[in-house]
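Asks: I have a structure I would like to understand better, so I am pasting it below and will then ask my questions one at a time.
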Amino acid sequence: MGFSEIDLESITTGEDYSRARDEMMLHTDIPEAPWHVVESEDKRRARINMIAHLLSAIPYQAVEHEPIRFPDRPPPRGYGRSPRDMHTYVPDHSAALT
Numbered sequence: 101m102g103f104s105e106i107d108l109e110s111i112t113t114g115e116d117y118s119r120a121r122d123e124m125m126l127h128t129d130i131p132e133a134p135w136h137v138v139e140s141e142d143k144r145r146a147r148i149n150m151i152a153h154l155l156s157a158i159p160y161q162a163v164e165h166e167p168i169r170f171p172d173r174p175p176p177r178g179y180g181r182s183p184r185d186m187h188t189y190v191p192d193h194s195a196a197l198t
């Protein structure tokens, strides 16, 4: 894992950044536009908590829908999937979560 210059500099200036963040939040955290802090020692839990928080902020009402009638699938006409090595796939990060 590589570190950027900012990553390395933050080791010696982290306290200054934290002070500046606290000062900014003190002056900009207002009822109309509040800041929300996410505990992030555990990054997976932080992401889940942030997603849940964002979704909870969106008003939701169930909407009635007409049932969907899917057409019958036509019989196969000789298509064969292309070899997997011809494509670039997104890594399966979800496999590491189980």
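Residue numbers (this note's numbering): 101 to 198. For glycine and all other residues, C-beta sits at the position ideal for the given N, C-alpha and C.
Just to check my reading of the structure: S140 and A146 have Cβ atoms closer than 8 Å, yes? What is that Cβ distance to the nearest angstrom?
Replies: As a first step, residue 140 must be located in the sequence shown, where it is residue number 40. As a first step, residue 146 must be located in the sequence shown, where it is residue number 46. Indeed they touch by this definition, with Cβ atoms about 4 Å apart.
Asks: Cα separation between R173 and Y179?
Replies: Residue 173 sits at position 73 when you count from the first residue of the sequence shown. Residue 179 sits at position 79 when you count from the first residue of the sequence shown. Each residue's Cα considered, the two are about 14 Å apart.
Asks: Spell out whether any CB of chain D is found under 8 Å from the CB atom of D129.
Replies: No chain D is part of this structure, which consists of one protein chain only.
Asks: Determine whether the beta carbon atoms of H153 and H127 lie at a separation below 8 Å.
Replies: Residue 153 sits at position 53 when you count from the first residue of the sequence shown. Residue 127 sits at position 27 when you count from the first residue of the sequence shown. No, Cβ-Cβ distance for H153 and H127 is not below 8 Å.
Asks: Determine the direct distance from the alpha carbon of D116 to that of I106, and round the result to whole angstroms.
Replies: One-based indexing of the sequence shown puts residue 106 at position 6. One-based indexing of the sequence shown puts residue 116 at position 16. Distance between the alpha carbons of I106 and D116: 13 Å.
Asks: Which residues in the same chain as R121 place their Cβ atom closer than 7 Å to its Cβ, once the five residues preceding and following it in sequence are excluded?
Replies: In the sequence shown, the residue the question calls residue 121 occupies position 21. Correct list: empty, nothing qualifies.
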